[in-house]
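Read the structure below first, then the notes.
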Amino acid sequence: MKPLATLRLRRVTAFLAVAWAGLALVSSVHGWVSADKAQHPPFLLAGFASDPWRIQHVSPIAAAAGVEPGDRVLRIDGRSVDAAMLLQAKHFEPGRVNRYRIRSQDGREREVSLPSVTRRSISLPLLAFASLTLPLVGLVYLATGLVVWRLRPGRSESWALLLFCAMMAADLFVARPVGGPSWAVAWLSIPLIGATVFHLFTLYPVDADWVVRRPWLRPSLYAAALVLGALALAEGPFGVPPGTFKTAAFYFTVGLGLLCFGLGARQRRHLRETTQAARADVMFYGALVSFVPVLAVLVAQNLLQTSLPWYLAFLWCVLFPVAVGYGIVRRQLFEIRAVARSSVAHGASTLAITGLYAFLIVFADAIAGKFPLNARSPWFHVVFLFFAILAFNPLRNRLQRVVDRVFDRDRSLYREAVREISEAMVSMLSTKEIVDRILVALTDTMGVDRALVMLQDPEGEGLAVSASRGEWDPEALEVRVPLTHPICARLQAGRQELARSDFDADSDPERRETCRDVFDTLEVELLVPILFGAELLGAIAVSPKLTGERFTWDDRQLLRTLANQSSIAIENARAFDEIAKLNETLEARVETRTHELHEAQAQLVHSEKMRSLGQLVAGVAHELNNPIGFVHANLQLLKEYVERLMEARARGDDTARLEDSITKLLSRSREGTERVKKIVKDLRTFSRMDQADLAEVDLHQEIEKTLTLMQPRLKEGIRVERDYGQLPRVRCFVGQLNQVFLNLLMNACDALEGGGTIRIHTRPLPGGVRLEFHDDGPGIPPELQARIFEPFFTTKEVGRGTGLGLSLSHGIVERHGGRMLVGSAPGEGTTFVVELPLDAEPGAE
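In the working numbering, the protein residues as written are 1 to 845.
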């Protein structure tokens, strides 16, 4: 048939099928609306089973007349039952009494006259439930078929699914026995369901070769279904026993259903190693879960003559169209076997737990019966059940674990593997340990004998094999996949596992073959990306399973979980390696940097000391110039007196007066040189350039030496008041403390530019001494007091201060184990307090 004619045929048949389902829905709604008014026989018939006219339930009126469930209706008012039910409005009217020819279960026939009744007078809870739910199931079927046809209109399997869903929907709409036109719709739909089932199972997931070679087979089955449906409606005129054609139509559908179930199992086995295996699983397991219970109920209904409403079995078959429709629409399918196993596991555990809870309730009632009547209160039951459930909870958890191991073993193993790996990777900081742990988990848990991990090479240009487990071809272990390779781009962009079949639909032949070559060279089934953010760190590659089964959804989920966890662990390991490399050179770098800082600190201290001393140069030079000038003048006079003494002795004159003058000049010159010597000594001992070790000193003497050097500054109207206490000798670095005293006194002089008073107050402390240097200058604002010890912070104008004096002084005092404090208020002067221990702490230098 030409493609255009084929498409037209599909559209026409699809329209007719949907219209037929719509007619069934209208008939069902009409029967439901008219249920209160329409008249019916005073009993319920089996309906659409192979023996449809067998009585299932009787009304009180029929029971009083001796009619029993299991009896069979032969004729109504002399007409065949088929004709009477089709002409229901004429045969069953209010107040009319109908004659029924009934055959009892023992074979006796008799006639019974019974009035018509409304359906609600013999309505059962199950019938009401079916009246509401079966049409909903039918709507699910019809909607699923229409959606799949809409999404995949050009595919033959979409057409077959729509025909099947429409026929099933029509049968579900009229499944409850309402009489009238519903009987016709039902008996025409039942054999068509068998034909559409055969059509669908031989077309999806693959078109069966033996059916393709016999193109007449499917149309023949459709024709046979239509003929059987028509005969089932009009079997009376042919003279065959009642129900013969209905039985034939029923078993026609049942037989084709069982045949298709066998075909599904055969296809699943043949397609096991192909890309169509998932779709075969969908068909097989979907039919197994949905229709086997229905067929079992129907067969039991006819062979065992049970009174259970058979149409309730159709409530279970809603899963099949959804699963098949999903398989037709989607390219990647869920793993239906895992869903089935999980469903069985949860069903088994729920059933067992519910039974145990029911036992507890019965046990509570039994226990309550043993107590007096006044103890049998609802509160007793509540309290008893509460404590019983608490005691039962550990048993419930153990039962759940047992069910998981029996029915859901793979998933339980996967959860355990994920938990163990999660705990292990927290403590792993070696990339080799991480990849080895992943490979062990893969080979031990997933049933594969070979797996490898590829990571970025040191240059960051491609993926290379980092670790492997199992027997690999040496050529495979040498494979290197550049990051520019299309397969790396797919791994990074898609962020999901890749199989060789994923490239079958690639439009670029060269790219398709390039990607397939990677799978063929490695001989692997799946590649799973290891991504950290947007960066592709590597990939996990696994070989096919030893059992030959495909990787399930749980397998893929485990691989993705391992990849995600390993990405974090690998990134942590890389960071740890970088830190380790930094630590290898850190000690040397710290030592070098510390030495540089010590040198810079020493230079700062020296420069600050030189700056302080530089400020004293002018005054010290003046102090030295006075005695030196005095000595120089005395030496001039001494020369004259010596010459006069020599002349007097030559003349024989008295020289006593000259000798006395010379003695006085020498004495005065000696005083001048002593003054110079003292100033030089003070300068030398102030800096202590010749004393770098700890020494016990009198701090008062050191302060006085500092004041001596500052005499030129102190002559500018500044008065020094001393309030010295009895200080013990202090073991310290004298040169450093002299620098502190000089900085504090120089700052005080700077604050007293117009003159003022400096007060020095000293007192002993328990285990130390306290020195206070106070000036009555303008003071320091509160907002600046917190910053005065910061390096390079100064309030002096440029050229007069470096901002290092107080900072260095503060550091010197702290290194001695002491502390320096400041107290000041605007207009009240400033006080610096220095507290020192009697013995400097080790390392103060």
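Every residue, glycine too, gets a C-beta built ideally from N, C-alpha and C.
Which residue wins for smallest C-alpha separation from residue i, given the options the options?
i, options, result
"PHE832", "HIS816, ALA840, GLY779", "GLY779"
"ALA225", "HIS40, VAL324, LEU256, ALA160", "LEU256"
"GLY767", "LEU727, HIS774, ALA786, ASP653", "LEU727"
"ALA17", "TYR100, PHE164, ARG96, GLU753", "PHE164"
"VAL148", "LEU139, LEU161, GLY138", "LEU161"
"SER661", "GLU599, LEU637, ALA232", "LEU637"
"GLY154", "LEU9, ALA143, SER220", "LEU9"
"SER104", "VAL73, THR484, ASN743", "VAL73"
"GLN276", "PRO321, GLY262, PHE261, GLY327", "GLY327"
"VAL697", "PRO837, SER567, GLU828, GLU790", "PRO837"
"GLY827", "GLY777, ALA840, SER807, GLY818", "GLY777"
"LEU562", "PHE630, PRO781, LEU439", "LEU439"
"LEU744", "PHE773, VAL734, GLU721", "PHE773"
"GLY725", "LEU707, HIS761, ASN738", "HIS761"
"ALA451", "GLY262, ARG644, ASP436", "ASP436"
How long is the line joining the alpha carbons of residue i and residue j, rounded to whole angstroms?
i, j, result
"GLY179", "THR247", "Summary for GLY179: the model assigns pLDDT 48, below 50, so the residue's position carries little reliability, and this model does not support an answer."
"ASP207", "PHE250", "26 Å"
"SER189", "VAL318", "18 Å"
"VAL67", "VAL58", "7 Å"
"LYS677", "HIS595", "38 Å"
"ILE703", "LEU714", "14 Å"
"ALA21", "GLY78", "33 Å"
"GLU109", "ILE76", "13 Å"
"ARG556", "GLU497", "7 Å"
"ARG652", "SER667", "A small correction: the amino acid at residue 652 is Gly; Arg does not occupy that position in the sequence shown. Approximately 26 Å between the Cα atoms of the pair."
"PRO219", "MET283", "22 Å"
"HIS199", "SER567", "49 Å"
"VAL448", "GLU461", "30 Å"
"ARG279", "PRO205", "6 Å"
"PHE320", "ALA166", "14 Å"
"ALA505", "VAL292", "36 Å"
"LEU132", "VAL26", "14 Å"
"GLY107", "LEU142", "43 Å"
"ARG574", "THR431", "7 Å"
"ASN572", "SER466", "17 Å"
"LYS581", "THR830", "53 Å"
"LEU134", "SER290", "14 Å"
"LEU233", "TRP187", "7 Å"
If you drop the 5 nearest sequence neighbours on each side, which residues of the same chain put their C-beta closer than 6 Å to that of residue i?
i, result
"ALA24", "ALA170, PHE173, VAL174, VAL185"
"PRO627", "GLY672, ARG675, VAL676"
"GLY717", "GLY755"
"GLN736", "ILE812"
"MET820", "HIS810, VAL813, VAL834"
"GLY138", "ALA169, LEU172, PHE173"
"PRO482", "GLY462"
Please return the same chain residues whose Cβ sits closer than 7 Å to the Cβ of residue i, not counting the five positions on each side in sequence.
i, result
"ARG500", "ARG516, PHE519"
"LEU228", "PRO191, PHE245, ALA248, ALA249, PHE252"
"LEU4", "none"
"SER156", "LEU203"
"GLN785", "VAL822, SER824"
"LEU858", "Any question about residue 858 goes unanswered here, given that the chain covers just 1 to 845."
"ASP839", "ARG731"
"VAL631", "SER669, GLY672, THR673"
Determine, using beta carbons only, whether residue i and residue j come nearer to each other than 8 Å.
i, j, result
"GLY286", "ALA323", "yes"
"LEU442", "VAL542", "yes"
"CYS749", "HIS816", "no"
"ARG480", "LEU463", "yes"
"VAL769", "LEU699", "yes"
"ASP775", "ILE758", "yes"
"VAL211", "CYS260", "no"
"TYR100", "VAL117", "no"
"ARG195", "LEU114", "It should be pointed out that residue 195 corresponds to Ala in this sequence rather than to Arg. No, Cβ-Cβ distance for ALA195 and LEU114 is not below 8 Å."
For residue i, which residues of its own chain have a beta-carbon under 8 Å away from its beta-carbon, when the five flanking residues on both sides are left out?
i, result
"VAL140", "VAL318, PRO321, VAL322"
"LEU221", "GLY194, ALA195, PHE198, HIS199, LEU256"
Checking contacts by CB at 8 Å: is residue i closer than that to chain D?
i, result
"ASP577", "In the structure shown, chain D cannot be found, because there is only a single protein chain."
* Please go through the region 155 to 228 and give each complete alpha helix (DSSP H) segment of 4 or more residues, from N-terminal end onward. => 156 to 173, 181 to 201, 209 to 212
* Of all the beta strand (DSSP E) runs that stay within the bounds of the region 727 to 804, which reach a length of 3 or more residues? -> 730 to 732, 756 to 765, 768 to 775
* Can you list, in chain order, the stretches of the beta strand (DSSP E) that have 3 or more residues and sit fully within the region 483 to 554? -> 526 to 532, 535 to 542
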